[in-house]
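Read through the structure below, which is laid out as structure tokens, and then see the notes.
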Amino acid sequence: MMSRTPINRFLLRAAIIFSFWFLFYYVWQADKLIISKPLSELVVNQSTVLLSVFDSNYHLSVEQRGKYLMHTVCYNTKCLVGVGRACNALELFVLFAGFIIAFPGSIKHKLWFIPSGLVLIHFLNVIRVAALAMIQFKAPQYLDFNHRYTFTFIVYAVIFLFWVLWVKKFSKFGLK
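According to our numbering, the sequence shown holds residues 719 to 894 in order.
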């Protein structure tokens with residue numbers, strides 16, 4: 719039988735949380751796009767607004783593709799980037815929140831720390847999509863590398879630093 723050490727309790731809680739997420743989202747919700755589609759649209763819309771502050775030629779294109787509306791960041795007549803399920807940060811929200819929920823700490827702190835982290839992750843993702851649109855327009859040969867590596871590293875590094883902040887400042891282990 720597994721001992722009741724803090725790390726084992728954390729791992730058990732994390733396994734339960736992520737199993738629930740997998741069952742809820744991938745088995746029951748994924749094809750319905752109830753969560754993913756509006757989040758993807760929000761990211762594209764906000765990225766377009768951010769870009770249009772600097773250059774009014776950036777705009778949002780919405781077009782029907784089958785039964786779905788596709789939201790894309792465009793520059794003049796050239797469509798640059800859209801956001802699919804894998805890039806809307808939903809998985810990162812769950813990863814971040816799941817870690818905080820599973821790790822020991824007061825509910826009072828979790829109730830403000832998790833939403834703060836989700837807002838930060840969303841804001842980073844909006845900036846990431848805006849930057850990718852600019853790269854696609856100005857230097858498309860660098861898009862794939864930046865999409866796969868540069869921005870992935872930056873976003874995961876910020877999430878990791880937020881986790882470290884949680885463990886050191888707000889968890890039951892960091893408050894000793």
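All C-beta atoms, glycine included, are put in the ideal place defined by N, C-alpha and C. Just so we're clear, the structure is a prediction, and the values are computed from it rather than from any experiment.
Pairwise C-alpha distance: residue j and residue i
| i | j | result |
| --- | --- | --- |
| I685 | T795 | Residue 685 lies beyond the residue range present for the chain, which begins at 719 and ends at 894; the question has no answer from this structure. |
| M719 | A820 | Confidence is the limiting factor: at M719 the pLDDT is only 49, short of 50, which leaves the residue's position unreliable and the question unanswerable from this model. |
| H777 | I753 | 24 angstroms |
| V882 | F814 | 11 angstroms |
| H827 | T766 | 33 angstroms |
| M852 | Y743 | 32 angstroms |
| L798 | L730 | 43 angstroms |
| S737 | R727 | 15 angstroms |
| I825 | A857 | 46 angstroms |
| Y786 | P724 | 46 angstroms |
| K755 | R722 | 40 angstroms |
| L879 | F855 | 31 angstroms |
| L741 | G802 | 20 angstroms |
Whole-angstrom C-beta distance between residue j and residue i, which should lie under 8 angstroms
| i | j | result |
| --- | --- | --- |
| I818 | W884 | 6 angstroms |
| G823 | F888 | 5 angstroms |
| L757 | L808 | 6 angstroms |
| V847 | V762 | 7 angstroms |
| A732 | G816 | 6 angstroms |
is_contact[residue i, chain B] using C-beta, thresh 8 angstroms
| i | result |
| --- | --- |
| K755 | Looking at the structure shown, chain B is missing, and only one protein chain is on hand. |
Identified DSSP bridge partners for residue i
| i | result |
| --- | --- |
| H789 | V780 |
| C797 | C792 |
| G823 | S889 |
Residue environment, residue i, which counts as buried when at least 16 other CB atoms sit within 10 Å
| i | result |
| --- | --- |
| F831 | buried |
| Q859 | exposed |
| G800 | buried |
| Q782 | exposed |
| L850 | buried |
| L829 | exposed |
| L769 | buried |
- [ ] Could you tell me whether the segment 787-805 touches the segment 827-842, using the rule of 3 or more Cβ pairs below 8 angstroms?
- [x] no
TODO: Spell out a yes or no on whether the segment 865-877 and the segment 842-854 are touching, meaning 3 or more CB-CB pairs, one atom from each, closer than 8 angstroms.
DONE: yes
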